[in-house]
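These protein sequence lines are chains A, B, C, D and E, in that order.
The numbering of the first sequence is the working numbering, which starts it at 81 and goes up by one.
The numbering of the second sequence is the working numbering, which starts it at 91 and goes up by one.
The numbering of the third sequence is the working numbering, which starts it at 583 and goes up by one.
The numbering of the fourth sequence is the working numbering, which starts it at -19 and goes up by one.
The numbering of the fifth sequence is the working numbering, which starts it at 658 and goes up by one.
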Amino acid sequence: MSEPTATQDLVQGVPEPSAAAPASSGKPRSLWHDTWDILKHRKIFWISFVLLIVFLVMAAFPSLFTSKNPEYATLARSMEPPSSDAWFGFDLQGRDVFARTIYGARTSIIVGVLATVGTVLLGGVVGVIAAYRGRWLDSLLSRIGEIFLGVPYVLGAIIILGSVAPVQANPGKTLIMTVVIIVLAVLGWPVLARIARSAVIQAKHQDYVQAARALGAGPFRIIFKHLLPNSLAPILVYATITIGSYIGAEATLSLLGIGLRTPVISWGIAIADHTRYIRTGAHAMLFPAAFLSLCVLTFVMLGEAVRDALDPKLR
Amino acid sequence: MATPSEVVLEVRDLVKHFPLTQGILYKRQVGAIKAVDGISFDLHRGETLGIVGESGCGKSTLAKLLMALERPTSGKVVVNGKDITTAKGSELKHMRRNIQMVMQDPYTSLNPRMTVGDIVGEPFEIHSGVVPKDGRRKRVQELLEVVGLNPDHINRYPHQFSGGQRQRIGIARGLALQPEIIICDEPVSALDVSIQAQVMNLLDGLQKEFNLAYIFIAHDLSVVRHISDRVGVMYLGKMVEIGTDNQIYDRPSHPYTQALLSAVPVPDPEGREQRERIILQGDPPSPANPPSGCRFRTRCWKAQDICAEQEPLLEIRAKSGDHPSACHFAEASDVVHVS
Amino acid sequence: GGGGSSSGGSGGTNPRAADGTVYIRGCEPQTGFVPGNINEVCGGTINQFVFDQLIKYNSDTAAPELSQAESIESPDNKVWTIKLKPGLKWSDGSPVTAKNYVDAWNYTAYSPNAQNGGWWFGGVEGYSDVATEDPDGPDGPKEAPKPKTDKMSGLEVIDDLTFKVTLTAPEAVFRTKLGYTTFSALPEAFFKDPKSFAQNPVTNGAFKFVKWDHNSQIVVDANPDYAGTEKPKVKKIVYKMYKDDDAAYADLVSNNLDFTELIPPSALAGDKWKSDLGDRAIEGQQGVIQTVTFPLYDKEFGGNADFRKAVSMAIDRKTITDKIFNKGRVPLDGWISPLVDGYKTPGACGELCAYDPAKAKEYLAKAKAAGYTPPKEFPIWYNGDAAHKEWVDATANSINQAFGPDAGVTFVGKAVPTFAEFRDIITSHKMKGLFRTGWQMDYPHIENFLNPLFKTGAGSNDGLFSDKELDAKLREADTATDPADSIAKYQEAEAMLTKEMNAIPLWSFGLQAGTSKWVTGVKVTPFGVLDPLSIAIKEA
Amino acid sequence: MGRYAIRRLLQLIPVLLGTTFLINYMVWQLPGDPFAARCGQRPCPDAYINAMRAEFGLDQPILVQYWHFLKNLLTGDLGVNFNNVSVASQLGESWPITVRLGLMAVVIEAVIGITAGVLSGLKRGGFLDNVITISTLILLSLPVFVTGFLLQWLFGVQLDLIKPTVSPEAPFGELIVPAFVLASLNLAFTARLTRTSIIENRRSDYVRTAIAKGMTNRRVVGVHLLRNSLIPALTFIGTEVGSLMSGAIITEGIYNINGIGGLLWRAVNDHDFTIVVPIASLLVLVYLLANLLVDLLYGVLDPRIRYE
Amino acid sequence: MTEVLPESKSDGTYGGALLEVDNLHVEFHTRAGVAKAVNGVTYSVNAGETLAVLGESGSGKSVTAQTIMGILDMPPGKIASGEIRFRGTDLLKLPEEERRKVRGEGIAMIFQDALSALNPVFPVGWQIAEMFRMHRGMSRADAKKKAIELMDRVRIPAAKERVSDYPHQFSGGMRQRIMIAMAIALDPEVLIADEPTTALDVTVQAQIMELLAELQRESNMGLILITHDLGVVADVADKIAVMYGGRIVENASVHDLYRSPAHPYAKGLLESIPRVDLKGQELYAIKGMPPNLLDMPTGCAFHPRCPYRQEKCVTDVPPLHTISGTRGSACHFWREVLDGDAQ
Ligand SMILES: Nc1ncnc2c1ncn2[C@@H]1O[C@H](COP(=O)(O)OP(=O)(O)OP(=O)(O)O)[C@@H](O)[C@H]1O
Ligand SMILES: Nc1ncnc2c1ncn2[C@@H]1O[C@H](COP(=O)(O)OP(=O)(O)OP(=O)(O)O)[C@@H](O)[C@H]1O
Ligand SMILES: [Mg+2]
Ligand SMILES: [Mg+2]
């Protein structure tokens, strides 16, 4: 019945591989694999990547960068300007600003990154579920989100911090940090949920999702293989900026006396402690602030580069 | 060709109304978009049924109903003796191995963030029993070869292919589970002629090789004629005429079919000044509020009072020739003279 | 500046001259203007402008002087006869009478009226009949029993201008106390409608109350009928509320504000304020001291006497006052403000209040030998809503460095977010660590620094310190009829504090204030507030 | 649309109830006796505390308190604060100021953020784009109190261009700098969101059509492109209106503005929850209404959005 | 250089072709390299004439049209060389402001997908009226009146009621008619229609083509119809330019081309059309895929897919051989193609 030549002929019609992408039939590749391939060739990626590594190493092994003890205070040298033996000078308590800036990276980055991760997880899950299930669940989750967004930020922070880690209990460093992270995430997730929701709704109506359903794909597969990778870009952009605003928000909470507290060293605390002294000794605030800005810039650039690389059109 | 063999797909009185709701506190249904409104037909093994009709007449909705991507308002779709519209869970999943779909738009129906290998291999991951894990990659490459793609391109992304090639990827995905039925929803509409020919040849070849049954949806009548054994003409959710290709093209009896055929531009400039056209007036009415009686009457030059009062059934009529037609005044006439 | 005044900055003409208004820094009072209910500085300051007391304190020397009283006499310091000056008037025109005083004092003391200052009358005969204790504390389910009467038997109106006060025991400082707000009189108008009076009082001071825009400003006008010897030199004072000292300071520098007594740390640093303000800077002293206190009720953080002494000697008061306060505070070696009667140098604390790391370590070792093991982390608590962090951190650092890394204890500054919570923890005796205490004198006398703070069970004895001998000595001093004798006894009592060292003196507050270029003659009282009669507008 | 608005307004009720209850509940859960700090350095007399407790109904169960709150709210009676000052009158004074400040911040955020976003989107990858990106990010990462303090000293004291603080009447001119400070944090978000959508829409067919129609460049960008690119920025600004108003705490402190933020902060510090709860509820309401407004504005900006 | 636009078109005396594209080269500078999208396109159109531009997807039809309109994205696009003469004036040398005036008034364009080409957020009437307001300085009310007139002219039923509706509220055919109304608003001399009916049904397509023909008759405008629908071309075109790989490979009158194509690509195209008599047989398909613009084949761009290919084709770029009069073919072996025997 069948004519064996029918398909045979067509194979001849196969076009030559275009020169744009060299044919390689080696290992199966994945989105992430290819993203990496593209990133490898981007300058902006490497710049931000190197910076990120520097920051991460700083966070993990601050002692590599400075041999000074960030806690050691020589009050007599309070607010001394930068000099050859203390590159960034001394702070109000007579501690070495350079050492404190280096040691501050850990807390600031942990808080910024973990709070963002929390926000993305919480907001992402809610947003995806709301968008995917739709109907009343969508309304319900959206309204719950509004409740959280509606509560004034500082009030929310005070309430959560006050009831989870009351000062009377003399909470330890880790607990306070955890609670600050939770506060930022709990009060911040609804915005991300909205972004994720609209991105997923957009992706949901694409034909390829229908196609996957026609193949018999279940919700998990559709969400993880089809919806999420295609909604990642706006989430990524928002998340990377958020890291920056969270590091700043931590500083504001510190200033109000409800965020991280003294034995903890962070950029936010350094900035909050020394803003008032900007007229007599700007160095004590400007150096940590500069590190903070650079760190934010690093994350945003990295996010931008990854988002670009995730865009299949650029391949 | 059309060997009247075993029926693989049986569609009976299929209806799909999309509800229009309104209300503040609770939603009340105030009407419905009658996207598909009572369609019946059979599909035999190895046969191709072409479906033509204007945009918005319900072709894609029909396709989705057949695939159980939408639940019908009523009616049934029997695939190999089982009603797919009521199937759920693993049963539905299992039935889908026998009926697959090629989507209209090769640009949006492939996930831009998956490689071709992942796209074509996805059916195997979903139906993990079909091909063992280590054999999948090879199978995907075979499939790519079958549809005439270079198996080395397995790691490329959809946007690195031309429209025709992308459509082949879609076809390869549809073939993966070796279904008996493939529903092609306008598989060549987005392609240009030279590529269209490649895809049609491919579909033809595959049909012969695997004895597939196709539902071929399109609005290009010459394409449909080329590939189909039988053709159904839809207008506003209804089938208005159905018959073999020759019956429809040479002896159309429904005015809408006639208008449609006469509007098809003929790729030959000779005698174009003399060619007679039935240019329909007005736009198709809204499916939410279709005209009473015959739905075509608002644009029909033959319309009379009865058309508004009585809905014409799809049946063989005195003058309709040898095939059913849903027009009170059905009369076969040859509207296409050339080629 | 507020109101309609044109912005300061430049220009030769004095914008204040036009309407005679000056703008001074203020803050929102916590209670309405019922003198017996006011006990914080925001309300207290403006209260002093509008209410005169029987006596006032000299704005230079802090010495008590007669104000509304013509005479205050007592043969035995127990029964006091107070005579008012004739012709004094309330702002509604009614005369100030002896009855006004007696009624006001009774009202304040009567516990169902829930006045903050009621306890001030504890020494008056019959107080226990008007004020009843809640038997089961403030949280208890039972209501406090209603007092027997609402009049104290110790108060007696003799005639329109004379009344007699009988105390339960002799009190040497009674006369000095009378300058405190709580001892104000209240006019008849008050008793008709206390609630609206609180918002818009009828007054008897140098200034008349005009209006109170909550959280924004309080306006007072010079009282034309003021009977005092010194008259107001400006027509109007606007008490402009600031949430932030820096904001007020910025306004002061740019001459939009005429006076602030709070120069923020940012300006104190590097003596910026002196270069910012030049001859507009005012320096002085005020009767406020800073201490830190051990919670003696807590085994772990209460420590023992040697440990507490070790901590005291480990604090480098001089460097801290130099660096953190830019010499704006003076290291203390006693528990008394240098401004008051009874202060002496060297102070009672002596070498225990001198920085000496070696001795500190010695004492620490002694403390450990005596069986006290300090916890690894030793917090120093403060309220985070005011500027304490800097010095607390510096203090903690100083102790840590004096003790050295092997001390086995690390001091850490810890903030309680708000003053409210801070007070709550203190009063419920749940402090775990050293905590910030301080004392702002109510009246300039050594007694005011001892009795409320160190007597067993005293109201502000926040560390629950108790020393029978000290109590006895204080009682002796209280009842001594000769003022000099009394002071000597108080000084003896103060010296006894070195034994337990339950509260560590740190420093006494200097005073840094500033004026705009539009005003002159500004004097600041030892209480750290503006003397409203001193401020005058410069001639243009 | 009217129907949609009504439904959304009805949906507001449960959200509002949920939020106020939550705030009510949590606020009174906070550690610390509300009256502990009302007596300076001395502990408050028991009589005083008992009287206050009774007066403010703190001795009653939380649900009863909430019920009273709701009942009073409905009758428009917000009661008095611990200081016996009418809550309604305090709100009446500071609310307009905060609204003015918040709206100005929104306008600044919108105008500057969108302009910056458009410019950097049109010149993607160019010098201007980089300058805008970096400067908005620096604004973003600098905490508000730094920006506020710096601008106050620079403009208020050094240059003497503005008054360092805002007078009680809070006229518009004096609010510009504080409003900018308040908006600075969100500027970066607005600019980046606008930039992204400008880049997306710039290549769209309708922009081409507009050029092909012979429209001037100004008109193409200012009318055709902009209108279509506003939605993401608008959404963001809409959701932030509420937080701008409550987030004004620090800005209001720096510039001594007598607004809701300061009132809220003071009240929280003093544990004067009689005023915290109404303010918070009011802010929630503003937030929800702003959101509703934005949603309705969508329909104006993009007629394709249908309300059901 | 002060090149002034020829004065008002009413005098209608311009002698040469109305619009001439002369040896146009357009490139795109992308990350991957330089894509030569248009490699020397030459065509012209006269008043009242219909030129159909045929060609596979990606052959540069739209880019040429966009270059004429001046709506090319630059960068990445770049006009490497060539002239576009409108009434004898080279548009590419005109200052932007002058150029802008030509758009809409001299040359207008309609796009394939009317839904995305119409601004979704403005009422259709507004979008039509904008032409009058911006080019003619009319008042809002007058411009609206004109818009209604135009909508009537393109047969939108109940135009008056629908001026304030938005694009998404119209069906595909009506949207395309609105695009047309906008394009003909100022009576342009040349109308470029870039695949105006590809997205539409045959019945609607017939309506639209009918309308365009009628408008052309009325105002004698030149029409450049870009499409790859050979049926439509056969129906309406006067002459045809076939493009492949950014070049014109054949120029012919409609009858000549359909009767006897002179380029193997054009021939293959015509043969790919499904025909009744070929039912059941395999369709002819041009093998392979369009050339990669980043890496054009040497010689004739079509040679990898060409049944007539010989060595010469790999090395030499074929010039546009004149066959007769205006007819031309860019194939070395056009004679063999005409004769119909492949080698
Ligand atoms: N999910 C839905 N909700 C409401 N109406 C729908 C839905 N899907 C389709 N419709 C309506 O049903 C009708 C039929 O749509 P369908 O997509 O089946 O048409 P079609 O014949 O495939 O058209 P085309 O040729 O344009 O693809 C249309 O009027 C459409 O608007
Ligand atoms: N902005 C751009 N950047 C890079 N390449 C482009 C760009 N625009 C067009 N091209 C390339 O130029 C070539 C010609 O495109 P053009 O749109 O003219 O094709 P066409 O003949 O109109 O095709 P179709 O029939 O699909 O519309 C295509 O290969 C396309 O990839
Ligand atoms: Mg369809
Ligand atoms: Mg094109």
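Ideal Cβ placement from N, Cα and C applies to all residues, glycine included.
Which value, in whole angstroms, describes the spacing of the CA atoms of residue i and residue j?
i                       : j                       : result
residue 930 of chain C  : residue 1052 of chain C : 14 Å
residue 1022 of chain C : residue 944 of chain C  : 33 Å
residue 739 of chain E  : residue 683 of chain E  : 9 Å
residue 420 of chain B  : residue 129 of chain B  : 19 Å
residue 951 of chain E  : residue 902 of chain E  : 11 Å
residue 961 of chain E  : residue 227 of chain B  : 31 Å
residue 918 of chain E  : residue 881 of chain E  : 20 Å
residue 900 of chain C  : residue 972 of chain C  : 15 Å
residue 217 of chain D  : residue 162 of chain D  : 13 Å
residue 813 of chain E  : residue 841 of chain E  : 15 Å
residue 755 of chain C  : residue 616 of chain C  : 24 Å
residue 105 of chain A  : residue 204 of chain B  : The predicted position of residue 105 of chain A is uncertain, since its pLDDT is 42 and thus under 50; a value taken from the coordinates is nonetheless stated next. So the alpha carbons of these two residues sit roughly 16 Å apart.
When burial is assigned at 16 or more other CB atoms within 10 Å of the CB, is residue i buried or exposed?
i                      : result
residue 584 of chain C : Residue confidence for residue 584 of chain C is low, a pLDDT of 38 falling below 50, so the modelled location carries little weight; the figure read from the coordinates is stated next. So residue 584 of chain C ends up on the buried side.
residue 686 of chain E : exposed
residue 798 of chain E : exposed
residue 152 of chain D : exposed
Say yes only if the C-beta of residue i is nearer than 6 Å to one or more non-hydrogen atoms of ligand 2, and no if none qualify.
i                      : result
residue 829 of chain E : no
residue 251 of chain B : no
residue 730 of chain E : yes
Given the structure, does residue i come close to ligand 1, in the sense that its CB is under 6 Å from one of the ligand's heavy atoms?
i                      : result
residue 151 of chain B : yes
residue 260 of chain B : no
residue 146 of chain B : yes
residue 108 of chain B : yes
For residue i, is the beta carbon positioned less than 6 Å from some heavy atom of ligand 5?
i                      : result
residue 377 of chain B : In terms of ligand content, the structure shown lacks ligand 5 and carries ligand 1, ligand 2, ligand 3 and ligand 4 instead.
Q) Using a Cβ cut-off of 8 Å, which residues of the region 160 to 183 of chain D contact any Cβ in chain A, in chain order? A) 165, 168, 169, 172 and 176
Q. Relative to chain E, which residues along the region 129 to 162 of chain B have a C-beta separation below 7 Å, given in chain order?
A. 144 and 145
Q.
For the pair the region 207 to 217 of chain D and the region 171 to 182 of chain D, tell me if three or more CB-CB distances fall below 8 Å.
A. yes
Q.
Could you check whether the region 773 to 786 of chain E touches the region 804 to 811 of chain E, counting it as contact only if at least three pairs of C-beta atoms, one from each stretch, sit closer than 8 Å?
A. yes
Q.
Along the region 908 to 925 of chain E, where does the CB come closer than 7 Å to a CB of chain B? Name the residues.
A. 911, 912, 915 and 925
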